[in-house]
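Peer 1:
Protein chains: 2
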Amino acid sequence: MEGDPTLRLRVFNLNCWAIRYLSKRRQERVRLIGDTLRRERFDLVLLQEVWSERDYSDLKAKLGGCYPFSHYFRSGVIGSGLCVFSRFPILDTLLYQYSLNGYPYMLQHGDWFCGKSVGLVLAWGFTISLPPGSCQLHAEYCREKDAYLPHRLVQAWELAQFIRHTSKAADVVLLGGDLNMHPEDVGIRLLRGWTGLRDAFAEAARFEGCEDGCTLIPNNCFTVKSELLPFPLGIRIDYILYKAISSFTVKCEELKTTTGTAPGTDIPFSDHEAVMATLQIQRQGQAAGANLGTAEPTLADVVTEARTEVGVGLRAAQRQRYSTGRMAVLALLLLLLQAVAALGALAGLAAGQPFPKLSFSLLAFLAIGVLLLATGLHLFHTMEVKMLQGTEEQMRMALRALRERP
Amino acid sequence: MEGDPTLRLRVFNLNCWAIRYLSKRRQERVRLIGDTLRRERFDLVLLQEVWSERDYSDLKAKLGGCYPFSHYFRSGVIGSGLCVFSRFPILDTLLYQYSLNGYPYMLQHGDWFCGKSVGLVLAWGFTISLPPGSCQLHAEYCREKDAYLPHRLVQAWELAQFIRHTSKAADVVLLGGDLNMHPEDVGIRLLRGWTGLRDAFAEAARFEGCEDGCTLIPNNCFTVKSELLPFPLGIRIDYILYKAISSFTVKCEELKTTTGTAPGTDIPFSDHEAVMATLQIQRQGQAAGANLGTAEPTLADVVTEARTEVGVGLRAAQRQRYSTGRMAVLALLLLLLQAVAALGALAGLAAGQPFPKLSFSLLAFLAIGVLLLATGLHLFHTMEVKMLQGTEEQMRMALRALRERP
Numbered sequence: 001m002e003g004d005p006t007l008r009l010r011v012f013n014l015n016c017w018a019i020r021y022l023s024k025r026r027q028e029r030v031r032l033i034g035d036t037l038r039r040e041r042f043d044l045v046l047l048q049e050v051w052s053e054r055d056y057s058d059l060k061a062k063l064g065g066c067y068p069f070s071h072y073f074r075s076g077v078i079g080s081g082l083c084v085f086s087r088f089p090i091l092d093t094l095l096y097q098y099s100l101n102g103y104p105y106m107l108q109h110g111d112w113f114c115g116k117s118v119g120l121v122l123a124w125g126f127t128i129s130l131p132p133g134s135c136q137l138h139a140e141y142c143r144e145k146d147a148y149l150p151h152r153l154v155q156a157w158e159l160a161q162f163i164r165h166t167s168k169a170a171d172v173v174l175l176g177g178d179l180n181m182h183p184e185d186v187g188i189r190l191l192r193g194w195t196g197l198r199d200a201f202a203e204a205a206r207f208e209g210c211e212d213g214c215t216l217i218p219n220n221c222f223t224v225k226s227e228l229l230p231f232p233l234g235i236r237i238d239y240i241l242y243k244a245i246s247s248f249t250v251k252c253e254e255l256k257t258t259t260g261t262a263p264g265t266d267i268p269f270s271d272h273e274a275v276m277a278t279l280q281i282q283r284q285g286q287a288a289g290a291n292l293g294t295a296e297p298t299l300a301d302v303v304t305e306a307r308t309e310v311g312v313g314l315r316a317a318q319r320q321r322y323s324t325g326r327m328a329v330l331a332l333l334l335l336l337l338q339a340v341a342a343l344g345a346l347a348g349l350a351a352g353q354p355f356p357k358l359s360f361s362l363l364a365f366l367a368i369g370v371l372l373l374a375t376g377l378h379l380f381h382t383m384e385v386k387m388l389q390g391t392e393e394q395m396r397m398a399l400r401a402l403r404e405r406p
Numbered sequence: 407m408e409g410d411p412t413l414r415l416r417v418f419n420l421n422c423w424a425i426r427y428l429s430k431r432r433q434e435r436v437r438l439i440g441d442t443l444r445r446e447r448f449d450l451v452l453l454q455e456v457w458s459e460r461d462y463s464d465l466k467a468k469l470g471g472c473y474p475f476s477h478y479f480r481s482g483v484i485g486s487g488l489c490v491f492s493r494f495p496i497l498d499t500l501l502y503q504y505s506l507n508g509y510p511y512m513l514q515h516g517d518w519f520c521g522k523s524v525g526l527v528l529a530w531g532f533t534i535s536l537p538p539g540s541c542q543l544h545a546e547y548c549r550e551k552d553a554y555l556p557h558r559l560v561q562a563w564e565l566a567q568f569i570r571h572t573s574k575a576a577d578v579v580l581l582g583g584d585l586n587m588h589p590e591d592v593g594i595r596l597l598r599g600w601t602g603l604r605d606a607f608a609e610a611a612r613f614e615g616c617e618d619g620c621t622l623i624p625n626n627c628f629t630v631k632s633e634l635l636p637f638p639l640g641i642r643i644d645y646i647l648y649k650a651i652s653s654f655t656v657k658c659e660e661l662k663t664t665t666g667t668a669p670g671t672d673i674p675f676s677d678h679e680a681v682m683a684t685l686q687i688q689r690q691g692q693a694a695g696a697n698l699g700t701a702e703p704t705l706a707d708v709v710t711e712a713r714t715e716v717g718v719g720l721r722a723a724q725r726q727r728y729s730t731g732r733m734a735v736l737a738l739l740l741l742l743l744q745a746v747a748a749l750g751a752l753a754g755l756a757a758g759q760p761f762p763k764l765s766f767s768l769l770a771f772l773a774i775g776v777l778l779l780a781t782g783l784h785l786f787h788t789m790e791v792k793m794l795q796g797t798e799e800q801m802r803m804a805l806r807a808l809r810e811r812p
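Top to bottom, those sequences are chains P and L.
1 is the number of the first residue of the first sequence in our numbering; add one for each residue after it.
407 is the number of the first residue of the second sequence in our numbering; add one for each residue after it.
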């Protein structure tokens with residue numbers, strides 16, 4: 001980032017909701033997104049939930065002229081759904097897998113099968129971190145009784161740690177994506193506090209768009225209205241965050257969101273609103289140094305709060321590990337009992353046949369099924385316990401470091 | 407790392423082979439390792455395959471006096487087995503999960519259930535990366551027909567990328583561990599070339615220990631002699647690698663390995679030999695800059711070679727994805743056929759009962775079992791394909807960057 005003392009960077013961020021066969025009017029919307037991006041000529045485009053590689057290829061073919069550099073992150077069964085288009089050369093990429101991402105047996109939520117990772121793009125002095133789509137961080141399905149909160153906090157923590165460790169030599173760090181957290185949630189406060197990232201919405205000199213910067217609004221014809229009932233204005237869960245690390249400063253000149261429909265049309269880009277930021281990046285005399293965003297006593301409180309929630313998740317995971325282990329043992333005992341009975345019958349200890357063959361073998365199959373399932377779940381929850389313990393330990397270390405700092 | 411112009415750093419690295427119930431004379435050996443470490447007072451101790459947290463706690467209690475800082479990395483079902491003891495404060499840690507790590511159904515190899523990750527420790531200006539234990543990088547079970555080579559290459563690549571991205575602001579980077587690769591293997595050449603890390607054995611001014619620096623030798627009473635038949639001297643798979651990033655230089659003054667038994671006893675520490683390096687770290691006038699270790703045309707050749715191997719793995723994974731998918735479809739068809747037959751029988755289309763109930767339901771259970779298994783494997787191989795494609799793409803990008811560099 002040499003030469004020009006001031007760089008104006010226009011960033012576009014959108015959760016595209018482009019799931020093949022499931023998302024409404026997908027092809028039409030992807031075409032619309034491509035047309036708009038070609039017309040508007042942003043500098044950086046961060047897209048999430050582009051689940052089909054075909055859609056990515058179509059976009060790439062359409063946008064090749066004005067965004068010569070692009071990258072699609074592959075991961076998980078379905079993919080990460082994440083891609084980036086850039087006017088600047090993409091020098092390198094890195095994918096970081098979160099250690100926890102929901103439960104494989106919650107098929108209806110599907111998070112476990114998605115990305116599980118954050119993508120990193122290095123482009124010309126920027127480090128751009130992209131948590132992929134609404135699938136990441138883990139989606140919130142029920143705000144009152146949020147069973148995934150500990151997983152989401154582990155992810156927020158890992159995302160923050162990943163950004164801290166990978167951005168040390170960057171000039172500017174950008175994070176764009178659907179974080180599935182409201183601005184005041186502990187995960188967002190943790191992420192912002194621990195990385196020093198600033199929220200473009202809060203910092204913008206000019207703002208234009210939905211009230212409170214909401215990105216999931218009742219006015220959008222694709223949103224599920226019942227989920228937004230407690231929030232008449234909608235919610236803000238898509239963010240552009242940034243900070244300058246070395247001898248640069250970043251300011252947000254302008255932030256815009258779409259407001260339920262794409263400009264000049266009657267359908268929206270997606271069920272989420274697009275977030276568009278104009279950042280002003282300036283070289284300054286001396287290095288600013290990596291500073292944490294919030295005052296440190298507050299940061300310690302946030303880390304403590306997050307650690308408490310992770311602890312709650314840990315105890316729940318320990319209980320589940322125990323109960324699945326017990327179920328596996330019971331199924332094994334039943335199988336052993338059946339084996340003894342069958343051997344007894346074979347050895348002629350019982351006169352005639354004590355059990356009807358059909359129900360006997362059905363029972364055996366059932367026991368095998370339960371044994372396999374319970375063992376699998378037990379292994380899964382064992383991993384979950386380990387990762388939650390690991391995160392709690394890291395947070396403890398962070399708290400110690402915060403307290404010991406002069 | 408301010409003040410003293412020259413720092414002498416003594417590093418100890420050992421794959422401890424401490425698997426509960428399975429490793430021979432485990433407790434005796436862990437005690438011996440602890441006693442030696444307490445006596446020798448190294449600066450940094452990197453241990454792998456400490457699978458039991460109890461063993462870690464025992465070591466921590468014993469070593470607390472001379473190594474006041476330590477960390478145990480938790481991950482996977484069994485754990486990462488990795489821990490570090492340090493004279494310097496450990497400021498921060500980060501765990502990076504590899505995207506591929508063998509196959510869950512290869513129970514006899516067990517790699518899938520282990521760590522799957524590399525640990526990062528920040529201690530006082532050092533960045534220390536630790537690929538955990540012989541479980542990581544993925545173990546080599548058959549050198550002639552090495553089905554895991556693509557997975558190991560993906561891991562070597564991810565490890566290299568992880569080190570590149572996290573070490574940019576470090577003074578000195580250290581990597582210690584059992585890499586499960588011979589010094590001339592493509593994975594090691596890739597790792598060294600792409601990160602610029604230097605091999606302490608090759609650079610050491612003085613060396614003392616097993617011939618060729620081997621760390622798995624026939625003289626050790628715990629090694630499996632038949633596996634070492636093609637290598638009469640043994641093999642070298644445990645490494646200490648290093649580089650200086652900013653205004654420092656690192657030299658390896660001395661490298662030692664144990665030679666089949668622990669010093670002063672008749673049993674070895676482990677089935678691996680310990681590697682002990684004395685490094686001399688010096689501040690120099692101006693920043694050296696991150697330089698790549700090998701000449702770049704050679705590096706391009708290495709990346710090309712690795713990419714070819716990853717491509718071979720990709721095609722194998724695609725074949726397996728196809729065949730497991732086909733098996734799932736066949737099982738589904740069989741189930742549907744059975745359902746039609748059963749409905750037909752219920753509707754009285756067939757006179758009497760066409761099938762014996764028992765074998766009919768056994769067949770149905772079998773079909774369900776095959777369907778579930780094949781679907782699971784299909785999903786797994788789909789993920790494998792995606793990750794191999796992602797790595798191939800990253801390597802392609804790296805090759806382009808290497809070629810375009812002036």
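Cβ coordinates follow ideal geometry from the N, Cα and C atoms, glycine included.
(1) Tell me which same chain residues have a C-beta within less than 7 Å of the C-beta of Gln320 (chain P), skipping the five on either side of it?
(2) Going along chain P, which residues have a C-beta under 8 Å from Met793 (chain L)?
(3) Under 7 Å Cβ-Cβ, which residues of chain L neighbour Phe365 (chain P)?
(4) Please tell me whether Thr195 (chain P) and Ala160 (chain P) are closer than 8 Å, where the distance is taken between their beta carbons.
(5) For a quick check, are the C-beta atoms of Leu197 (chain P) and Val172 (chain P) less than 8 Å apart?
(6) Measure the alpha-carbon distance for Ala317 (chain P) versus Arg152 (chain P) and round it to whole angstroms.
(7) I'd like to know whether the C-beta of Leu279 (chain P) is nearer than 8 Å to at least one C-beta of chain L.
(8) Closest to Gln155 (chain P) by CA distance: which of P:Arg54, P:Lys168, P:Ser167 and P:Val186 is it?
(9) Determine, using beta carbons only, whether Met397 (chain P) comes closer than 8 Å to chain L.
(10) Decide if Ser359 (chain P) is buried, meaning its Cβ has at least 16 other Cβ atoms within 10 Å, or exposed.
(11) Run through the region 574–627 of chain L for me and flag every whole beta strand (DSSP E) of 3 or more residues, listed as ranges in chain order.
(12) If you reduce the DSSP assignment to three classes, tell me which class Leu46 (chain P) lands in.
(13) Compare the C-beta of Ser767 (chain L) against all C-beta atoms of chain P and say whether one is closer than 8 Å.
(14) Can you confirm whether the region 386–405 of chain P touches the region 455–468 of chain L when touching is taken to mean that 3 or more C-beta pairs between the two stretches lie within less than 8 Å?
(15) With a threshold of 8 Å, are at least 3 pairs of Cβ atoms found where one atom belongs to the region 472–479 of chain L and the other to the region 712–720 of chain L?
(16) In angstroms with no decimal places, state the Cα-to-Cα distance between Arg689 (chain L) and Leu179 (chain P).
(17) Excluding sequence positions up to five away, which residues of its chain have a Cβ less than 6 Å from the Cβ of His571 (chain L)?
(18) Would you call the region 672–684 of chain L and the region 649–656 of chain L touching, i.e. three or more CB-CB distances under 8 Å?
(19) List the endpoints of the continuous beta strand (DSSP E) containing Phe73 (chain P).
(20) Since Lys256 (chain P) and Ser481 (chain L) should fall inside the 8 Å C-beta cutoff, what is the C-beta to C-beta distance between them, to a whole number of angstroms?
(21) Classify Ser573 (chain L) as buried or exposed, calling it buried when 16 or more other Cβ atoms lie within 10 Å of its own Cβ.
(22) Taking the alpha helix (DSSP H) that Ser57 (chain P) falls in, what are its first and last residues?
(23) Name the residue from L:Asp644, L:Gln686 and L:Asn625 whose alpha carbon lies nearest to the alpha carbon of Glu659 (chain L).
(24) Measuring only between beta-carbons, confirm whether Ala807 (chain L) sits less than 8 Å from chain P.
(25) How far does the alpha helix (DSSP H) with Phe418 (chain L) in it extend, from its first residue to its last?
(26) Is the Cβ of Ala169 (chain P) closer than 8 Å to any Cβ of chain L?
(27) Looking at chain P, is there any beta carbon in it that lies within less than 8 Å of the beta carbon of Lys763 (chain L)?
(28) For Cys66 (chain P), which residues does DSSP report across the bridge?
(29) Using DSSP with H/G/I as helix, E/B as strand and the rest coil, what is Arg31 (chain P)?
(30) Does any residue of chain L have a CB that is nearer than 8 Å to the CB of Leu7 (chain P)?
(31) Is there at least one Cβ from chain P nearer than 8 Å to His571 (chain L)'s Cβ?
(32) Determine, using beta carbons only, whether Leu581 (chain L) comes closer than 8 Å to chain P.
(33) I'd like to know if Gly390 (chain P) contacts chain L, where contact means its C-beta is closer than 8 Å to some C-beta of that chain.
(34) Quick one: Cα of Arg315 (chain P) to Cα of Glu384 (chain P), how far?
(35) Output, in chain order, the set of chain L residues within a Cβ distance shorter than 7 Å of Gln161 (chain P).
(36) Counting beta carbon pairs with one atom in the region 411–428 of chain L and one in the region 398–405 of chain P, are three or more of them shorter than 8 Å?
Peer 2: Checking against the coordinates, here is how it stands:
(1) Looking up residue 320 (chain P) in the first sequence gives position 320. Excluding sequence positions up to five before and after Gln320 (chain P), its CB lies within less than 7 Å of the CB of His381, all in the same chain and listed in chain order.
(2) For the purposes of this step, residue 793 (chain L) is taken as residue 387 along the second sequence, with counting starting at 1. Against chain P, a Cβ distance below 8 Å from Met793 (chain L) picks out Arg74 and Ser75.
(3) The count along the first sequence starts at 1 and reaches residue 365 (chain P) at position 365. Residues of chain L passing the Cβ test: Phe771.
(4) Counting from 1 along the first sequence, the entry for residue 195 (chain P) is found at position 195. Counting from 1 along the first sequence, the entry for residue 160 (chain P) is found at position 160. Result yes, Cβ atoms of Thr195 (chain P) and Ala160 (chain P) sit closer than 8 Å.
(5) In the first sequence, residue 197 (chain P) corresponds to position 197, counting from 1. In the first sequence, residue 172 (chain P) corresponds to position 172, counting from 1. No.
(6) For this step, residue 317 (chain P) is matched to residue 317 along the first sequence. For this step, residue 152 (chain P) is matched to residue 152 along the first sequence. Cα to Cα, the separation comes out at about 14 Å.
(7) Position 279 of the first sequence, counting from 1, holds the residue named residue 279 (chain P). Not one chain L Cβ lies under 8 Å of Leu279 (chain P).
(8) Locating residue 155 (chain P) in the first sequence gives position 155, counting from the first residue. Of P:Arg54, P:Lys168, P:Ser167 and P:Val186, the residue nearest in Cα terms is P:Val186.
(9) On the first sequence, residue 397 (chain P) is found 397 positions in, with the first residue counted as 1. True, the Cβ-Cβ gap to chain L drops below 8 Å.
(10) In the first sequence, counting from the first residue as 1, residue 359 (chain P) sits at position 359. Ser359 (chain P) is exposed by the Cβ-count criterion.
(11) You should have 578–584 and 612–614.
(12) As a first step, residue 46 (chain P) must be located in the first sequence, where it is residue number 46. In the structure shown, Leu46 (chain P) sits in a strand (DSSP, three-state: E or B).
(13) To locate residue 767 (chain L), count along the second sequence from 1; it is residue 361. For Ser767 (chain L), the answer is yes, since a Cβ of chain P falls inside 8 Å of its Cβ.
(14) Touching, no.
(15) Using a Cβ-Cβ distance cut-off of 8 Å, the region 472–479 of chain L and the region 712–720 of chain L are not in contact, since fewer than three pairs of beta carbons, one from each stretch, lie closer than that value.
(16) Your numbering for residue 689 (chain L) matches position 283 in the second sequence. Your numbering for residue 179 (chain P) matches position 179 in the first sequence. Leu179 (chain P) has its alpha-carbon roughly 42 Å from the corresponding atom of Arg689 (chain L).
(17) Residue mapping note: residue 571 (chain L) aligns to position 165 of the second sequence, counting from 1. Annotation for His571 (chain L): no residue places its beta carbon closer than 6 Å to its own, counting only its chain and skipping 5 residues before and after.
(18) The region 672–684 of chain L, when compared against the region 649–656 of chain L, does not touch it at the 8 Å Cβ threshold.
(19) For the purposes of this step, residue 73 (chain P) is taken as residue 73 along the first sequence, with counting starting at 1. From DSSP, the beta strand (DSSP E) with Phe73 (chain P) extends over Phe69 to Phe73.
(20) For the purposes of this step, residue 256 (chain P) is taken as residue 256 along the first sequence, with counting starting at 1. For the purposes of this step, residue 481 (chain L) is taken as residue 75 along the second sequence, with counting starting at 1. Contact doesn't hold; Cβ gap of about 42 Å is too wide.
(21) In the second sequence, residue 573 (chain L) corresponds to position 167, counting from 1. By the 10 Å Cβ count, Ser573 (chain L) comes out buried.
(22) Locating residue 57 (chain P) in the first sequence gives position 57, where the first residue counts as 1. Per DSSP, Ser57 (chain P) belongs to the alpha helix (DSSP H) from Glu53 to Leu63.
(23) Residue mapping note: residue 659 (chain L) aligns to position 253 of the second sequence, counting from 1. If we check each option's Cα against that of Glu659 (chain L), L:Gln686 comes out closest.
(24) By 1-based counting over the second sequence, the position of residue 807 (chain L) is 401. It does; some Cβ of chain P falls within 8 Å.
(25) In the second sequence, residue 418 (chain L) corresponds to position 12, counting from 1. Element bounds for Phe418 (chain L): not the alpha helix (DSSP H) but the beta strand (DSSP E), Thr412 to Ala424.
(26) If you number the first sequence from 1, residue 169 (chain P) lands on position 169. Contact of Ala169 (chain P) with chain L is assigned, a C-beta pair being separated by under 8 Å.
(27) Walking along the second sequence from the start, residue 763 (chain L) turns up at place 357. For Lys763 (chain L), the answer is yes, since a Cβ of chain P falls inside 8 Å of its Cβ.
(28) As a first step, residue 66 (chain P) must be located in the first sequence, where it is residue number 66. Answer by DSSP bridge pairing: none, since Cys66 (chain P) is not bridged.
(29) Position 31 of the first sequence, counted from the start, is the residue given in the question as residue 31 (chain P). Note: Arg31 (chain P) maps to helix in three-state DSSP.
(30) Stepping through the first sequence from its first residue, residue 7 (chain P) is reached at position 7. No, its Cβ sits nowhere closer than 8 Å to a Cβ of chain L.
(31) Counting from one through the second sequence, the residue named residue 571 (chain L) turns up at place 165. Yes, because at least one Cβ of chain P sits closer than 8 Å to the Cβ of His571 (chain L).
(32) For the purposes of this step, residue 581 (chain L) is taken as the residue at position 175 of the second sequence. So, not an interface residue.
(33) Counting from 1 along the first sequence, the entry for residue 390 (chain P) is found at position 390. For Gly390 (chain P), the closest Cβ of chain L is nearer than 8 Å.
(34) Reading the first sequence from its first residue, position 315 is the one you call residue 315 (chain P). Reading the first sequence from its first residue, position 384 is the one you call residue 384 (chain P). So the two alpha carbons sit approximately 11 Å from each other.
(35) Stepping through the first sequence from its first residue, residue 161 (chain P) is reached at position 161. The answer, in chain order, is Leu500.
(36) The answer is no - the region 411–428 of chain L does not touch the region 398–405 of chain P, with fewer than three Cβ pairs under 8 Å.
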